[in-house]
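Written below as C-alpha cells is the structure these notes are about.
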Amino acid sequence: MKPKFFKPFWFLLTVLIIVSLACSGGTPPVEPVTPVTPNDTPTGDLPSGARANLISATVQILGLFNQNGELVPGYVGSGTILTPTGLILTNAHVASPASQGDAENEPDALGVSIIVSEDKPAVPSYMAQVLAVDGFLDLAVLQITSTVNGTAVDPNSLNLPYVAMGNSDNIHVGDSINIFGFPSIGGNTITFTKGTRLRVLLGRPNRRPRPDQDRCDHLRRQLRRACGG
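So, in C-alpha cells, the structure goes:
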C-alpha cells in the first residue's frame, strides 16, 4: 500500500503540545483511557492523570527489515495514538525514510510496541501501514492493521488509549512543551523531555526535502535532551 501525500499536511501540527516525536505471543491487553484534551493555556507541569494517559498513548515504532525471511528491527522511533481505532502520528523519517531521500533505509514493515508499564520496555504488539507522509514537514500517519503475528485486526475493535487533537492557535512562543517518546539516547523504556516552543514552520515552500535536514528543524524547540524521533 503506497502512502498518500497530504496537501496540505500542516494541520497535523495541532498536536504539538502532546505529540511524542524527535523509533510473541499475542497482543497484550490495553485498557481504554479517557482522551487527553490539551489546555488552551499550556502549563509547565502535567497533572498525574494526564501524564499517565499520555504515556499510555505513546508507542514505539519499529522499522523492520527482512533478513533471511525473518523481520528484524533495524531502528526505533516514537509515535502517538490519535484515535482508539489505531491511527498513529509519527515522524516521516521514522515511518518512511524514503520520503526524505533516504530510500536505502526504507523498512520492509513497521511494528508498533505498546507500553504496558512505564518502567518496562514497550511490548511489540501490532503491525502498521503508512497512510500519509510528508517528508518536508517530517510527519506521517500510520494505521494499525494486524497483530504482531500477522492476524488482521478490525480497527473499530481496538479501543486503544489515545490523545485528542489540540489547536495550535492556542500555543505561543515560549510555552512549555512536554514530550514523551523513545529517543535513541533514552534506552528501551519511555523517556520524558521538557522544552520550550521557539518557532513553528507552517506552509510549504517549493523545495524538496534535503536528506541531511535537521530532524527537528520544522518543530524547533529548546530541549534538555535530543528530540525523541
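Here the sequence shown is numbered in this note's numbering, starting from 1139 and rising by one per residue.
We put the CB at the ideal spot given by N, CA and C, even for glycine.
For the structure I just gave you, are there three or more beta carbon pairs, one from the segment 1289–1305 and one from the segment 1233–1243, closer than 8 Å? No: fewer than three Cβ pairs fall under 8 Å.
Contact set for Glu-1256: own chain, Cβ-Cβ below 6 Å, skip 5 residues either direction: Counting from 1 along the sequence shown, the entry for residue 1256 is found at position 118. Here the set comprises Ile-1193, Ile-1328.
Is the Cβ of Asp-1276 closer than 8 Å to any Cβ of chain C? Of the protein chains in this structure there is only one, and it is not chain C.
Three-state secondary structure assigned by DSSP to Ile-1282: As a position in the sequence shown, residue 1282 is number 144, starting the count at 1. DSSP places Ile-1282 within a strand segment (E or B) once states are collapsed to three.
Using the three-state DSSP reduction, which class does Ala-1247 fall into: helix, strand or coil? The count along the sequence shown starts at 1 and reaches residue 1247 at position 109. Strand at Ala-1247.
Between Val-1261 and the rest of its own chain, which residues show a CB-CB distance below 7 Å, the 5 nearest in sequence each way excluded? Reading the sequence shown from its first residue, position 123 is the one you call residue 1261. Within the same chain, Val-1261 has close Cβ partners Pro-1166, Ser-1251, Ile-1252, Val-1254.
Could you compute how far the alpha carbon of Asn-1294 sits from the alpha carbon of Gln-1281? Within the sequence shown, residue 1294 is the residue found at index 156, counting from 1. Within the sequence shown, residue 1281 is the residue found at index 143, counting from 1. A straight-line Cα-Cα distance of about 12 Å links Asn-1294 and Gln-1281.
On the DSSP bridge assignment, give the partners of Val-1261 in chain order. Along the sequence shown, one-based indexing puts residue 1261 at 123. Val-1261 is bridged to Ile-1252.
Indicate the three-state DSSP secondary structure (helix, strand or coil) for Val-1370 in the structure shown. The question about residue 1370 has no answer here: the residues shown for the chain are numbered 1139 through 1367.
Would you kindly report the start and end of the unbroken beta strand (DSSP E) that includes Ser-1216? Here residue 1216 refers to the residue found at position 78 of the sequence shown. Here the beta strand (DSSP E) through Ser-1216 covers 1208–1219.
Can you give me the C-alpha to C-alpha distance between Gly-1217 and Val-1271, rounded to a whole angstrom? In the sequence shown, counting from the first residue as 1, residue 1217 sits at position 79. In the sequence shown, counting from the first residue as 1, residue 1271 sits at position 133. Computed Cα separation, rounded: 14 Å.
Tell me the DSSP secondary structure of Leu-1192 in three-state form. Taking the sequence shown and counting its residues from 1, the one referred to as residue 1192 is at position 54. Residue state, collapsed to three classes: helix.
When you compare the CB positions of Leu-1269 and Leu-1200, do they come within less than 8 Å of one another, or not? For the purposes of this step, residue 1269 is identified with residue 131 of the sequence shown, where counting begins at 1. For the purposes of this step, residue 1200 is identified with residue 62 of the sequence shown, where counting begins at 1. The criterion of a C-beta distance shorter than 8 Å is not satisfied by Leu-1269 and Leu-1200.
Could you give the DSSP three-state label for Gly-1187: helix, strand or coil? Within the sequence shown, numbered from 1, the residue matching residue 1187 stands at position 49. Gly-1187 falls in the helix class under three-state DSSP.
Put Ala-1302 into one of helix, strand or coil per three-state DSSP. Translated into positions along the sequence shown, residue 1302 becomes position 164. Correct three-state label for Ala-1302: coil.
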